[in-house]
Amino acid sequence: MDKSIERLIKQIQDLSEIVNRFNSEAVQIRIVEFLLPFVELKSKPIKNTAEQLAPIVSKEEYSKQSFKRPGVKRVLDQVMLTDFFDTEKNIAEIVKHLNDAGNDFKAPEVSGILLALTKDGRLKRYNSQVNNRFLYIRA
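See the structure below:
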């Protein structure tokens, strides 16, 4: 190995022993930040990694991209404004109604929001006597 590399390795080991004596990570960082300007690096400068990792999309294309669909909560809040929950509905009927309106929700996504609406007192929930499923109706 080159003598300069061996000397650098020895210096780094000595420095790490000194820095690691401090228990506080914040103190360790401040010591290293203080010493870094004195270190001469003879390597290529590091390019901006954000530019390297950013997708190659122009600002115009980005502004034209469609954003994600509205969430289950927002859609269910809109459905609550209609008369849909005036009659008893199970989760399958609710999901079918949401998907017929142009959404693509699954029952597990909807069930958590329905439970939250029940806890808020906006819906009532009870077990069906026929098929042992939860039924939801406006409170």
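With the numbering used here, the residue at position 14 of the sequence shown is 0, and numbering never jumps. For every residue, glycine included, the Cβ atom is placed at its ideal position computed from N, Cα and C. Just so we're clear, the structure is a prediction, and the values are computed from it rather than from any experiment.
Leu138 in three-state terms, based on DSSP: The structure shown does not extend to residue 138, since the chain spans only -13 to 125, so no value can be given for it.
Leu100 burial status per 10 Å Cβ neighbour count (16 or more: buried): Taking the sequence shown and counting its residues from 1, one reaches residue 100 at position 114. By the 10 Å Cβ count, Leu100 comes out buried.
Coil, strand or helix - Asn85 by DSSP: Translated into the one-based positions of the sequence shown, residue 85 becomes position 99. If DSSP states are grouped into helix, strand and coil, Asn85 belongs with the helices.
Burial state of Leu62, where buried means 16 or more other Cβ atoms lie within 10 Å: By one-based count along the sequence shown, residue 62 stands at place 76. By the neighbour-count rule (16 or more Cβ atoms within 10 Å), Leu62 is buried.
Simplified DSSP assignment, three categories, for Leu121: Counted from its first residue, the sequence shown places residue 121 at position 135. Of the three classes helix, strand and coil, the one that applies to Leu121 here is strand, per DSSP.
Range of the contiguous alpha helix (DSSP H) that encloses Asp63: Walking along the sequence shown from the start, residue 63 turns up at place 77. Taken as a continuous stretch (DSSP letters only), the alpha helix (DSSP H) holding Asp63 covers Val58 to Met66.
Chain-order list of residues whose beta-carbon lies under 6 Å from that of Leu109 (same chain, five-residue window excluded): Here the question's residue 109 lines up with position 123 in the sequence shown. Around Leu109: Leu103, Tyr122 and Ala125.
Selected residue, minimal CA-CA separation from Ala87, among Ser97, Phe70, Gly98 and Pro94: Residue 87 sits at position 101 when you count from the first residue of the sequence shown. Ala87 has its Cα closest to that of Phe70, out of Ser97, Phe70, Gly98 and Pro94.
Buried/exposed call for Phe20, threshold 16 Cβ in 10 Å: Start at 1 with the first residue of the sequence shown, and residue 20 comes out as number 34. Classified as exposed, Phe20 has fewer than 16 neighbouring CB atoms from the shown chains inside 10 Å of its CB.
Residue burial classification, Ile80 (beta-carbon count within 10 angstroms, cutoff 16): Here residue 80 is taken as the residue at index 94 of the sequence shown, counted from 1. Counting Cβ neighbours within 10 Å, Ile80 comes out buried, since at least 16 surround it.
Beta carbon of Gln(-1) nearer than 7 Å to that of Val5: Mapped onto the sequence shown, residue -1 falls at position 13. Mapped onto the sequence shown, residue 5 falls at position 19. No, the Cβ-Cβ distance between Gln(-1) and Val5 is not below 7 Å.
Closest by C-alpha distance to Gly57, when choosing among Ala78, Phe24 and Phe91: Along the sequence shown, one-based indexing puts residue 57 at 71. Ranking the options by Cα distance to Gly57, first place goes to Phe91.
Distance, Asn118 Cα to Thr68 Cα: The sequence position of residue 68 within the sequence shown is 82, counting from 1. The sequence position of residue 118 within the sequence shown is 132, counting from 1. In this structure, the straight-line span from the alpha carbon of Thr68 to that of Asn118 is close to 26 Å.
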